[in-house]
Each structure stands twice: as structure tokens, then as C-alpha cells.
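**Q** Before anything else, here's the structure in question.
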Amino acid sequence: MISSSVHIVLVRPEEAGNVGAAARAMANFGLTHLTLVEPRMRRAEERFKWARGAEDILEGARYTDSLAEAIHDCTAAWATSRRSGKLRGPFLTPAEALQRVVPEPNSPVAWVFGPESTGLETEEISLCTGVVTIPTSSKQPSLNLAQAVAICTYETRKADLGDSENPPKRLASSAEFEGMFDHLEQSLKLIGFFKPSTQEAQAKALRRILHRSHLTSKEARYLRGFGRRLSRLAGLLERKP
Numbered sequence: 659m660i661s662s663s664v665h666i667v668l669v670r671p672e673e674a675g676n677v678g679a680a681a682r683a684m685a686n687f688g689l690t691h692l693t694l695v696e697p698r699m700r701r702a703e704e705r706f707k708w709a710r711g712a713e714d715i716l717e718g719a720r721y722t723d724s725l726a727e728a729i730h731d732c733t734a735a736w737a738t739s740r741r742s743g744k745l746r747g748p749f750l751t752p753a754e755a756l757q758r759v760v761p762e763p764n765s766p767v768a769w770v771f772g773p774e775s776t777g778l779e780t781e782e783i784s785l786c787t788g789v790v791t792i793p794t795s796s797k798q799p800s801l802n803l804a805q806a807v808a809i810c811t812y813e814t815r816k817a818d819l820g821d822s823e824n825p826p827k828r829l830a831s832s833a834e835f836e837g838m839f840d841h842l843e844q845s846l847k848l849i850g851f852f853k854p855s856t857q858e859a860q861a862k863a864l865r866r867i868l869h870r871s872h873l874t875s876k877e878a879r880y881l882r883g884f885g886r887r888l889s890r891l892a893g894l895l896e897r898k899p
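Residue numbers (this note's numbering): 659 to 899.
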């Protein structure tokens, strides 16, 4: 069951009613894991008014101080956004995102939603596996937070009801990916791989490529070992007369 592994992550939610309605949508479609990152709700107690039948989800919600902390053990985290930009694409629909990953029971997958007024920041999106957008009318493209959660949870439930022939993958967690990438990036810097003028853009491009690959834990360890060997090579070259 995919839904048992999927987490809903709300980053800096502002409206208590939206949080409550999101919890109710989760209950409608069989999801139970809710994480709130730095909630900024006014009249927070009102969230229970909008969560009829889903009070237990609100009571059991996990609170974190950062998105990185919220998704550190997730094998995939899909950022939701409707804003375009070269650092945000390519965009997938929720159904397409679910087809990319078949989670294992103990390998969480997250739908990540940003604040109602601003959405997710670019740096937060860069922490995620990819970007999901929900196709809407150009006349009214913006969805309410709870509506977006309802659509993603519906797609999750629909994926549960369908038959998947894809074998589960033991994917690298967010923490494993970040540890590998930090090590690899530093190693590439040591050998002069990046151009000083475009170093940040090159690193972000490499991050996107590796995220799209949906690395397994074994592959992440292999790349980390590759980075370690590069570092040793750089040290040998520096000592060579």
C-alpha cells in the first residue's frame, strides 16, 4: 500500500482552516502521516473545526524546524509548485510522480506543500526529488492549499487501487542523498571540475540530474566512494613534483 508510506508535509502553513481541511482530505483517502514545518497559523485551535473525523491526524502530527529535517528519511519528496523557472522543472503531475517511485513499507515518500501566500522557496525545492504541478485552468490557476492536498492524496489512493508491476526499490533516503552529494561536490571542487564563475549553477544542475535518477542506497554509497577516490587523487596530484 503506497498510502501507508506517504507523508504530507506542510511548510510554514498560515491558515488553521487549511491545515484542518488538509487533515480531513488525508483521512478521506487513507493517509495518516502529517508533518508541519514551522507552522505560522493564526488561531491555531480552529484547525480542529475543519478536520471532522480527522482529529487524530492533527493530534499525531509531527513538528519540525526545517524541511530538511522533515524529509531526511524520505526516499522521495515531491515539491508542489505552479511557478515556472529553470531551477524548478521539469514538472510532473501527481500521477506521474507516483509512477516514478514504488515505496517500501519503511521508506517514506512525501508530498511537500509551501505557504499559502508565497509557496516553497527555490532552495527548499532543491532539497526535493522533483517538482509536481496540478494542471489547472489558466483563468484560475491557483489552488487552495487544502485543495492541492486533496488532489495529491486522491492520486495516492488511486495508485493504491491500481495494480503495479514495478518491483519495489530500496531508494536512498534524503539524508543519504545529501551526504553523498555534499561529499561528491567537495571532491569535484578539489579537482577543479567546476568553473569559478558558474560553480553554483553547475552544482545545482548536477543535483537535479542525480535527483531524477532516483538513486538506490547502494548507488548513493557508490557515488560517495567515487567522490572519496577523487579526493585522494587530488591529494596525490598536489604532492606530485
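Quick reminder that beta carbons are idealized off the backbone N, C-alpha and C, glycines included.
From the DSSP secondary-structure annotation, give me the bridge partner or partners of Gly788.
**A** Trp736
**Q** Exposed or buried, what is Thr776 when buried is set at 16 or more other beta-carbons lying within 10 Å of its beta-carbon?
**A** Exposed, because fewer than 16 other Cβ atoms sit within 10 Å of the Cβ of Thr776.
**Q** Go to Leu819, then tell me how far its alpha helix (DSSP H) extends in each direction, as first and last residue.
**A** Leu803 to Leu819
**Q** Buried or exposed: where does Leu819 fall if 16 or more other Cβ atoms within 10 Å of its Cβ makes it buried?
**A** exposed
**Q** Report the three-state DSSP secondary structure of Ala709 (helix, strand or coil).
**A** It is coil, neither helix nor strand.
**Q** Could you check where the beta strand (DSSP E) with Phe771 kicks off and where it finishes?
**A** Val767 to Phe771
**Q** Identify every run of the alpha helix (DSSP H) within the region 839 to 874, keeping only runs that are complete inside it and at least 4 residues long; order them along the chain.
**A** 857 to 870
**Q** Indicate whether His841 and Gly885 have their beta-carbon atoms separated by less than 8 angstroms.
**A** yes
**Q** Closest to Ile867 by CA distance: which of Arg882, Phe851 and Ser784 is it?
**A** Ser784
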